[in-house]
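In the numbering used here, the protein residues as written are 70 to 372.
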């Protein structure tokens, strides 16, 4: 297939000069489970296929049984035990052999985060929720080097997405979004409850700023879910479908251990993230933090 044939379908939507920008862009995908679908969408529109352009895949984990019902490249049981960066990399190459791929087997670490962010134009942050210190380190590096970061959550068949466009001035940073004091460090995040941080992203920006680290820890610790006000805020922000509400309630009650994730929401989030990345690369304005991008399919289709 020639380049003209491959991208002919985008004629009228992506101009030649825009296609060149996409082809020469460098995207870091941190977390190749939830970050898988966005990689597939970006590959189809030619991202990372020319000159120094590339897609970097960073994830230390292997495909597990619980991943198989989610992104499309993990459907095969035979891939259980395969490193996610190779499972994803193989399907990216099947979609578009011209994509330049870089694979980081150790995933994002405190030691490599700065180098990987510097070498990227846009970062997709889909790090496992159990590693909040790595997520914070990514935001810190993106803020320092003024690199846009796109993140999000899937909730059943629904999504919440945020764009932290650190390339722009006067945006709400990750630290400000959570209301944390400026002297907070990635090590401090080891003491936070990851589900409390995820809950704040469901609710939206924290309206107050905590004066000290201890105040922040007290709020985002296990006591977060002992607060009736916090719980009410979470449920107010959730999509109004009974399955999602019951799922979150069962998590809070300790009846299930994880947020259910479907291929529907996974594809939806990947599509929204790919569109945000495309617009950022082309220099077009996008909705940025602290404004959430909420797509609640269950509310759209339910009678």
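By construction, the Cβ of each residue, glycine as well, lies at the ideal position given by its N, Cα and C atoms. For clarity, every value in this text was computed on a predicted model and none was experimentally measured.
On the CB-based measure, 16 or more other CB atoms within 10 Å of its CB, does residue i come out buried or exposed?
{"i": "residue 208", "result": "buried"}
{"i": "residue 180", "result": "exposed"}
{"i": "residue 86", "result": "exposed"}
{"i": "residue 223", "result": "buried"}
{"i": "residue 184", "result": "exposed"}
{"i": "residue 70", "result": "exposed"}
{"i": "residue 324", "result": "exposed"}
{"i": "residue 354", "result": "exposed"}
Between residue i and residue j, what straight-line distance do the alpha-carbon atoms span, to the nearest angstrom?
{"i": "residue 319", "j": "residue 214", "result": "40 Å"}
{"i": "residue 157", "j": "residue 356", "result": "28 Å"}
{"i": "residue 263", "j": "residue 203", "result": "12 Å"}
{"i": "residue 102", "j": "residue 195", "result": "8 Å"}
{"i": "residue 132", "j": "residue 175", "result": "15 Å"}
{"i": "residue 304", "j": "residue 199", "result": "22 Å"}
{"i": "residue 163", "j": "residue 297", "result": "49 Å"}
{"i": "residue 239", "j": "residue 358", "result": "10 Å"}
{"i": "residue 334", "j": "residue 72", "result": "31 Å"}
{"i": "residue 130", "j": "residue 154", "result": "8 Å"}
{"i": "residue 322", "j": "residue 182", "result": "36 Å"}
{"i": "residue 299", "j": "residue 269", "result": "9 Å"}
{"i": "residue 212", "j": "residue 237", "result": "10 Å"}
{"i": "residue 261", "j": "residue 232", "result": "23 Å"}
{"i": "residue 295", "j": "residue 148", "result": "40 Å"}
{"i": "residue 96", "j": "residue 217", "result": "10 Å"}
{"i": "residue 150", "j": "residue 81", "result": "42 Å"}
{"i": "residue 328", "j": "residue 317", "result": "7 Å"}
For residue i, which residues from the same chain have a beta carbon less than 7 Å from its beta carbon, with the 5 sequence-adjacent residues on both sides left out?
{"i": "residue 342", "result": "107, 193, 219, 221 and 230"}
{"i": "residue 90", "result": "350 and 351"}
{"i": "residue 364", "result": "227, 228, 337 and 341"}
{"i": "residue 68", "result": "The shown model of the chain, from 70 to 372, leaves out residue 68, and the question about it has no answer."}
{"i": "residue 267", "result": "198 and 222"}
{"i": "residue 314", "result": "304 and 307"}
{"i": "residue 159", "result": "none"}
Thinking just about the alpha-carbon of each residue, which of the options is nearest to the one in residue i?
{"i": "residue 280", "options": "259, 241, 247 and 294", "result": "247"}
{"i": "residue 249", "options": "235, 155, 295 and 277", "result": "277"}
{"i": "residue 187", "options": "354, 210, 154 and 82", "result": "210"}
{"i": "residue 254", "options": "205, 299 and 295", "result": "205"}
{"i": "residue 256", "options": "269, 161 and 286", "result": "286"}
{"i": "residue 301", "options": "258, 271, 312 and 191", "result": "271"}
{"i": "residue 225", "options": "258, 149, 312 and 274", "result": "312"}
{"i": "residue 259", "options": "291, 235, 232 and 269", "result": "291"}
{"i": "residue 191", "options": "317, 316, 284 and 94", "result": "94"}
{"i": "residue 242", "options": "274, 159 and 268", "result": "274"}
{"i": "residue 234", "options": "269, 361 and 283", "result": "361"}
{"i": "residue 189", "options": "346, 353 and 149", "result": "346"}
Once you ignore the five residues that flank residue i on each side, which residues in its own chain have a CB closer than 8 Å to its CB?
{"i": "residue 92", "result": "115, 116, 117, 118, 119, 120 and 122"}
{"i": "residue 251", "result": "244"}
{"i": "residue 76", "result": "83, 88, 114 and 115"}
{"i": "residue 326", "result": "320"}
Leaving aside the five residues before and after residue i along the sequence, list all residues of the same chain whose C-beta is less than 6 Å from its C-beta, in chain order.
{"i": "residue 339", "result": "106, 107 and 110"}
{"i": "residue 127", "result": "99, 173, 176 and 177"}
{"i": "residue 265", "result": "289 and 293"}
{"i": "residue 161", "result": "108, 112 and 168"}
{"i": "residue 171", "result": "123 and 125"}
Would the C-beta of residue i count as close to the ligand COA, meaning under 7 Å from any of its heavy atoms?
{"i": "residue 87", "result": "You won't find the ligand COA in this model; it holds no ligand whatsoever."}
I think residue i touches residue j, with their Cβ atoms under 8 Å apart; what is that distance to the nearest whole Å?
{"i": "residue 112", "j": "residue 78", "result": "Not a contact, Cβ separation roughly 14 Å."}
{"i": "residue 308", "j": "residue 368", "result": "5 Å"}
{"i": "residue 310", "j": "residue 371", "result": "6 Å"}
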